[in-house]
Amino acid sequence: MDPKTLSRRNFLGLAAGTAATVALASCGSSGPSDKGSSGGGGSAAAGAATYWFLTGAPGEKIRQGSVDRFNQANPNAKITATTFANDAYKTKIKTAIGAGQAPTIIWGWGGGGLRSYVQASQVEDLTSWFAENAAVKDRLFPSSFGAATIDGKIYAMPAETVQPIVLYWNKKLFDKVGAEPPQSWDDLMSLVPKFNSAGVAPISLGGQSRWTNMMWLEFLFDRIGGPEVFQAVFDGEKDAWSNPASIQGLTKAQELIKANGFVKGFSSITADSNADQALLYTGKAAMMLHGTWTYGNMKEAGGDFVSGGNLGYMNFPAVDGGKGDLSNTVGNPGQYYSISSKATPEAKETAKKFFATAVLSDAEVKEWTDNGAIPIVKGTNSQLSASKDADFLTFVYDTASGAKVFAQSWDQALSPTAAEKLLDNIAKLFQLSITPQQFADNMNQVIGQ
Amino acid sequence: MTTLAPPAAPGTRRTTSTGGRSGSVAWMALPALLVFIAFGVVPLLGVLFLSFTSWDGIGVIKPTGLVSWRAVLADPGLLHALWVTFVIMALSWLVQTPASLLLGVFLAGHQRYREFLAVLFFIPLLLSSAAIAITYKALLDPNFGLGAGLHIPLLVQDWLGEARLAMGVIIFVVSWQFIPFHTLIYQGAVRQIPRSMYEAAQLDGAGRVRMFFRITLPQLKYTIITSSTLMVVGSLVFFDLIFVLTEGGPGDATRNLALDMYKRGFQANLMGQASAIAVILVLVALALALLLRRIGGGSSSTSQLEGV
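Chains V and Z, in that order, give the protein sequences. The first sequence begins at 87 in the working numbering and counts up by one. The second sequence begins at 583 in the working numbering and counts up by one.
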C-alpha cells in the first residue's frame, strides 16, 4: 500500500472504529446487562436480591411464577430473575462465582458442585436457619437433604422436584414379540435377541451424552452390591472401584453391549436432542432407562404414544444373586438453591424469606404436579389422583418416597474433576476400548479428588 | 501486517519535509498493536501464569509450580490428543490442498458458467461451523438420518460412533466447509499470473498440462504456502465443529488438543492443566508457522516475476 493513499482521515476513522470495537467487546463481557447487573445484590433498594435459574419448559415458567408471587407480596424486597440455558448456565455460574459476581440466589444440583462452592467459601451455611425454621425443613422429603449437606452442614435449600431414573418400555413392541417386562437381568438379556430378530433395537440410549451410559452402571452396581459400592468411592476409600461387585457390574454392561443390546449408533446419539426418547416412542426401540423428566416430552412429542397407554414404566429389575434392595433408586433427589456469601445481609434476608414463603408454596406445588412432576413436598400423593397423569405420578411418588436408598447421580455427587474422569472412562468402557479392570484402575487413581 | 510498513522504494521517492515517511507510517501500526497486546499478549501471559498454578475456576488461585505441567505431561491423553490433532491436520491438508488448487484454477477462468459455479461453490463459506455440524449430525444419524429416510443401506452407518468413520466424517466436513475459502485464495492468485507467460509457452508449443505444472504451480508457490499455513494453524484449533459433531468421541477417538483443553478447564475444573495445554498449543502453532515460512525459502516478498 502506498503511504500516500492512507490519509489522515482514513486513519482517524480506523482508530475510531477500533475504539468502538474495543468498547463493544468490553460490553459483551460484562455479563447479563440490566437484569442481573446488580451482581452482588447491593445496588438498588436495600434487600433487593438477584436470582439466576434455568430456562426450559415447564420449570422456567414455574420458577418465574414463584418469583412474581414473592415480589407482589414483598414490594420492598424485590427479586430480579435472570435465566440461562442449561449448558450455558453451568459455565456461566462457575465464572460468575469465581469472579465474585454471583447472584444472591444460586440455582444448582447440589453434591460435588456445591462442595466446590463450599470449599471456596462462596455459599452461606444454612444449618442454623433450618434449625430455627423447622417447619420449612419438615415438610420436605428427608432424602432431598443428602445432596445439600456437605460435611454435616446444610448449604442449600432443596427445592422443585424429585426425579428418579426408571426403566421405560414400549408396550406395543412387547406385545408384538410376545414378551413380558424383564423381572431380572437374565430376563433382560434374553429379550435382546428377541427384539433384534424382530428388527427392533432392544434398548434406546443417547450414549454421546455419557451420563446416559452411567445410569446403567449406577443400577447394576446397586443391584449387585448395594449402595455401599459407590458410597465407598464417594467416601474416598482406596481402590474402591476394584470391588468385585463393581467389576461384575462393568462386565455385565459390556456383555449387554456385545450382545447388541443398545441401538445401533448409540454412541453418537445425544440426550439433549431427545433422539433417544424418539426411538422409544416411534417404535424403533423397545426399552429405555431414563429420568422421569423425559415423561413430559414423550407425552408432548410422541403423539398418542403416552395418552394411548403404550408407555410402560418400572423400577430397575433385580440382578440374580445381587445384594441391592429392589426399592433402591438413583437420580436427582431435588434441585438446590444456595445463597451467595458475598451478598449483602439485606439481600440474604430477602433470599431466606423467599425460601420460607415462596419456594414450593401450595401454588407452586400444584403447578409442578400439573406438569407431570413430583415436588419434594411430603403428602402430595393425595392430590395426584385428580391429575391426568395420575398413574405415572403415583408411580414416581411411590418410587421416590419408598426407596430405601435414593442415591444421587454419580456425576453430580462427585467433584467436577472426578466426574469428568468418570464420564470419560464410561464412554471408553461403552466403546469397548477398555476392559472393566482398566476402568477400575483408571478410576482408582482419582478417588478422593 | 507487512503492508503497513512497505520497504522504501530505492531512490525514486523524495523525502518529505515532515522528516521520514517510514516513521510516520510505523506509528500507524499502534492501534492494531495495542489491541493485539490487550487481547493477545496479555491473556497469553495470564495463561502462562495459570499453567503454574492449580485453580478450579471458583476458589483461590494456588501457585503450585510444575504440578499442572507434570500432570499434563504424564497423562497419556496428551500424546493421544496431539496425535489426533496431527492426523486431522495432515488429512485435512491432503484433501483440501489439491481440491482447492484445482478448483481455484478452474474458477479463475472468466467464462460465464464458471462464474455461476463459483457462486455455488462459495455457499458453504457463508454458514457457521456450528450450523454445519448440527446439520451433518442430523443427516448422518443412523436411525433418523438421510440413509434411514431414503432407505439406502450404504448410508446407514454408525458414522459418528465408530472411531475411523468419525474421523473420516470430520475430515470431510472440515474440507466441505473450508475448500471454498482456499479456492477463493487460489482463484485470486491464478488471475494475477501474467497472461504473457502462457502466451510465450503456447508459442513454444507447451500443452495445458505442461503449462499447469511449469507455470501455474510454480507461480502459486507462495499462495500454496499461505493457504497451507492457514489450514495447518487453523486445524490446530478446530473446536466448534468437532465439539458439536462428536464431542471428541466415540471414547476419545476425535479429541484433539483444543477439546482436551476445554474438557479439562471447563468440565473437569482444572484450569491449571488446561492452561498448560493452551501454552503447548501456542508453541506448536508458532513452530509450525515458522516451519512453513522456512519451507517457503527466504522472504516471501522476493519477486516471482523477475524478468517479466
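For glycine and all other residues, C-beta sits at the position ideal for the given N, C-alpha and C. The structure presented is a predicted model; accordingly, all values stated were derived computationally and were not measured.
Here's the rule I'm using: 16 or more other beta-carbon atoms within 10 Å means buried, otherwise exposed. How should residue i be labelled?
{"i": "V:Thr503", "result": "buried"}
{"i": "Z:Pro832", "result": "buried"}
{"i": "Z:His614", "result": "Going by the sequence as given, residue 614 of chain Z is Ala instead of His. Label assigned to Z:Ala614: exposed."}
{"i": "Z:Glu697", "result": "exposed"}
{"i": "V:Trp138", "result": "buried"}
{"i": "Z:Tyr768", "result": "buried"}
{"i": "Z:Tyr695", "result": "exposed"}
{"i": "Z:Phe795", "result": "exposed"}
{"i": "V:Trp302", "result": "buried"}
{"i": "Z:Leu648", "result": "exposed"}
{"i": "Z:Trp609", "result": "exposed"}
{"i": "Z:Val624", "result": "exposed"}
{"i": "V:Arg296", "result": "buried"}
{"i": "V:Gln269", "result": "exposed"}
Output needed for residue i: all residues of its chain with C-beta closer than 8 Å, excluding positions within five of it in sequence on either side, in chain order.
{"i": "V:Gln345", "result": "Checking the sequence shown, residue 345 of chain V turns out to be Ala, not Gln. Around V:Ala345: Met275, Val278 and Pro279."}
{"i": "Z:Ser757", "result": "Ser674, Val677, Gln678 and Ala681"}
{"i": "V:Val223", "result": "At residue 223 of chain V the sequence reads Lys, which differs from the Val that was named. Cβ within range, chain order: Phe216 and Phe231."}
{"i": "V:Gln498", "result": "Trp195, Gly196, Gly197, Gly198, Gly199, Ala233, Asn418 and Ala505"}
{"i": "Z:Gly816", "result": "Phe760"}
{"i": "V:Ser207", "result": "Ser427"}
Any beta-carbon of chain V closer than 8 Å to the one on residue i?
{"i": "Z:Asn838", "result": "no"}
{"i": "Z:Thr828", "result": "yes"}
{"i": "Z:Pro645", "result": "no"}
{"i": "Z:Trp665", "result": "no"}
{"i": "Z:Gly833", "result": "yes"}
{"i": "Z:Trp651", "result": "no"}
{"i": "Z:Leu526", "result": "One cannot answer for residue 526 of chain Z here, as it falls past the ends of chain Z, which runs 583 to 890."}
{"i": "Z:Arg596", "result": "Residue confidence for Z:Arg596 is low, a pLDDT of 46 falling below 50, so the modelled location carries little weight; the figure read from the coordinates is stated next. By this cut-off, Z:Arg596 is not an interface position."}
{"i": "Z:Gly816", "result": "no"}
List the residues of chain Z whose Cβ lies closer than 9 Å to the Cβ of residue i, in chain order.
{"i": "V:Thr213", "result": "Ordered by position in chain Z, no residue passes the 9 Å Cβ test against V:Thr213, which lies about 21 Å from the chain."}
{"i": "V:Thr141", "result": "Correct list: empty, because the minimum Cβ distance to chain Z is about 19 Å."}
{"i": "V:Val30", "result": "Lying outside 87 to 535, the shown extent of chain V, residue 30 of chain V is not represented and no answer is given."}
Taking Cβ-Cβ distances shorter than 7 Å, what residues in chain V pair up with residue i?
{"i": "Z:Asp638", "result": "Ser202"}
{"i": "Z:Pro658", "result": "Those within 7 Å of Z:Pro658 in chain V number zero; the least Cβ separation is about 10 Å."}
{"i": "Z:Gly731", "result": "By Cβ distance, chain V contributes nothing, its closest Cβ being about 13 Å from Z:Gly731, past 7 Å."}
{"i": "Z:Gly641", "result": "Gln205 and Ala206"}
Ordered along the chain, which non-local residues of its own chain (more than five positions away) have a Cβ less than 6 Å from that of residue i?
{"i": "Z:Pro762", "result": "Phe703, Phe704, Pro706 and Leu707"}
{"i": "V:Phe402", "result": "Leu253 and Phe305"}
{"i": "V:Leu518", "result": "none"}
{"i": "Z:Ser857", "result": "Val629, Leu632 and Ser633"}
{"i": "V:Asn299", "result": "Gly293, Ile512 and Phe516"}
Looking only at its chain, what residues have a beta carbon closer than 7 Å to the beta carbon of residue i, apart from the 5 residues adjacent to it on each side?
{"i": "Z:Gly727", "result": "Ala720 and Leu721"}
{"i": "V:Val319", "result": "Ala326, Trp327 and Ile533"}
{"i": "Z:Ala663", "result": "Arg837, Asn838, Leu839 and Asp842"}
{"i": "Z:Pro645", "result": "Phe634 and Thr635"}
{"i": "Z:Ser810", "result": "Trp675, Thr679 and Leu874"}
{"i": "V:Lys239", "result": "Asp211 and Thr213"}
Contact criterion: CB-CB distance below 8 Å. Does residue i meet it with respect to chain Z?
{"i": "V:Ser519", "result": "yes"}
{"i": "V:Met354", "result": "This sequence places Ser at residue 354 of chain V; Met is not what is there. Judged by the 8 Å Cβ criterion, V:Ser354 is in contact with chain Z."}
{"i": "V:Leu76", "result": "Nothing can be reported for residue 76 of chain V, as the shown portion of chain V is limited to 87 through 535."}
{"i": "V:Gly184", "result": "yes"}
{"i": "V:Gln524", "result": "no"}
{"i": "V:Lys180", "result": "yes"}
{"i": "V:Thr177", "result": "yes"}
{"i": "V:Gln294", "result": "yes"}
{"i": "V:Ala513", "result": "yes"}
Give me the chain Z residues within the contact set of residue i, using Cβ-Cβ distance strictly less than 7 Å, ordered along the chain.
{"i": "V:Thr443", "result": "Under the 7 Å cutoff, chain Z gives no residues; its nearest Cβ is about 30 Å from V:Thr443."}
{"i": "V:Lys370", "result": "Asn725"}
Residue i touches chain Z at which residues, Cβ-Cβ below 8 Å?
{"i": "V:Ala361", "result": "Asp723, Asn725 and Phe726"}
{"i": "V:Pro502", "result": "Asp638, Gln849, Ala850 and Asn851"}
Could you list which residues in chain V have their beta carbon closer than 9 Å to that of residue i, in chain order?
{"i": "Z:Lys845", "result": "Glu506 and Asp510"}
What runs of the alpha helix (DSSP H), each 4 residues or longer, lie entirely inside the segment 683 to 757 of chain Z?
Taking only runs of at least 4 residues, the alpha helix (DSSP H) segments lying wholly in the segment 683 to 757 of chain Z are 694 to 703, 711 to 722 and 728 to 732.
Starting from the N-terminal side, write out each stretch of the beta strand (DSSP E) that is 3 residues or longer and does not extend beyond the segment 244 to 299 of chain V.
Correct list: 247 to 256 and 287 to 290.
Which parts of the segment 615 to 662 of chain Z are runs of the beta strand (DSSP E), unbroken and 3 residues or longer, counting only runs that do not cross its ends?
Segments of the beta strand (DSSP E) lying fully in the segment 615 to 662 of chain Z: there are none.
Report the residue ranges of all alpha helix (DSSP H) runs contained in full by the segment 168 to 194 of chain V; include only those spanning at least 4 residues, in chain order.
The DSSP assignment places complete alpha helix (DSSP H) segments of no fewer than 4 residues inside the segment 168 to 194 of chain V at 172 to 184, in order along the chain.
Going residue by residue through the segment 320 to 405 of chain V, where are the continuous beta strand (DSSP E) segments of at least 3 residues, counting only ones entirely within it?
Fully enclosed beta strand (DSSP E) runs of no fewer than 3 residues occupy 371 to 377 and 397 to 400 of the segment 320 to 405 of chain V, in order along the chain.
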